[in-house]
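J.: The sequence shown: position 25 = 25 (the UniProt record's numbering), numbered continuously.
For each residue, glycine too, the CB sits at the ideal point set by N, CA and C.
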Amino acid sequence: MQVDAVTALLQSALLAPAEKPDARPASFAQPAPPVPPAAQPGQVGGIAPSVAMLVTLAATDAGTPGRGAGPREAERGLDGLDALRRALVHGSVPPERIRMLRDWARGRRRSDDPDLAALEQEIELRILVELAKLERRPPG
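(1) Hey, out of Arg99, Arg106, His90 and Pro71, whose CA is closest to Leu125's CA?
(2) Would Leu84 pass as a contact of Leu101 if the rule is Cβ separation under 9 Å?
(3) So the alpha helix (DSSP H) Val89 belongs to, where does it begin and stop?
(4) Go through its chain and collect everything with a Cβ distance to Ala94's Cβ below 8 Å, but skip five positions before and after it.
(5) Going by DSSP, what residue range makes up the alpha helix (DSSP H) through Pro114?
(6) For the segment 132–139 against the segment 115–123, are there 3 or more C-beta pairs whose distance is under 8 Å?
(7) So, is Ser92 buried or exposed, given that buried needs 16 or more other C-beta atoms within 10 angstroms?
(8) Give every residue of the same chain whose Cβ lies closer than 8 Å to the Cβ of Gly80, excluding the five residues on either side of it in the sequence, and list them in chain order.
(9) Along the chain, where does the alpha helix (DSSP H) containing Arg106 start, and where does it finish?
(10) Using 10 angstroms around the beta-carbon of Ala74, count the other beta-carbons present and answer buried if the total reaches 16, otherwise exposed.
(11) With distances taken Cα to Cα, identify the nearest neighbour of Arg76 among Asp113, His90 and Arg108.
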């Protein structure tokens, strides 16, 4: 193949001696952003449920009589929070999602199990905080 129109700049770049590569490996990685501190008890953290909350929910024995509905209700609350997080990432929260979360927080049955009741209370608080944050957002 023959190339007729080679500019002087391109020709000098092609004919220039190749530079030896640096012996050090190139580092393209950017330093990691600082990790925000975890929320302390009594503080409001992000929308994601805490690991302790999830572990407690997973450890709840649904096979014990009278406890099957409680863990399912708690899981429904966590699923609602997760759906809210996904909706916020996409930019809009459907009104039915807000209604579902509000109904869950208002209408849940209180568990007789103190551990499950504490877990449900944490989920309820998280839902109420997220709903309050949504109410403060400017429309649009």
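T.: Working from what's here:
(1) Locating residue 125 in the sequence shown gives position 125, where the first residue counts as 1. The residue with the shortest Cα to Cα distance from Leu125 is Arg106.
(2) Numbered from 1 along the sequence shown, position 84 holds the residue referred to as residue 84. Numbered from 1 along the sequence shown, position 101 holds the residue referred to as residue 101. Yes. Within cutoff.
(3) Here residue 89 is taken as the residue at index 89 of the sequence shown, counted from 1. Looking at the DSSP string, the run of the alpha helix (DSSP H) that includes Val89 is Ala69 to His90.
(4) For the purposes of this step, residue 94 is taken as residue 94 along the sequence shown, with counting starting at 1. Here residue 94 turns out to be Pro, not Ala, going by the sequence shown. Closer than 8 Å at Cβ, skipping near neighbours: Ala87.
(5) Counting from 1 along the sequence shown, the entry for residue 114 is found at position 114. Residues Pro114 to Arg136.
(6) no
(7) For the purposes of this step, residue 92 is taken as residue 92 along the sequence shown, with counting starting at 1. It counts as exposed.
(8) Numbered from its first residue, the sequence shown carries residue 80 at position 80. Contacts found: Arg97, Met100, Leu101, Trp104 and Ile127.
(9) Counting from one through the sequence shown, the residue named residue 106 turns up at place 106. That run of the alpha helix (DSSP H) goes Pro95 to Gly107.
(10) Locating residue 74 in the sequence shown gives position 74, where the first residue counts as 1. Label assigned to Ala74: buried.
(11) Residue 76 sits at position 76 when you count from the first residue of the sequence shown. It is Arg108 whose Cα lies nearest to the Cα of Arg76.
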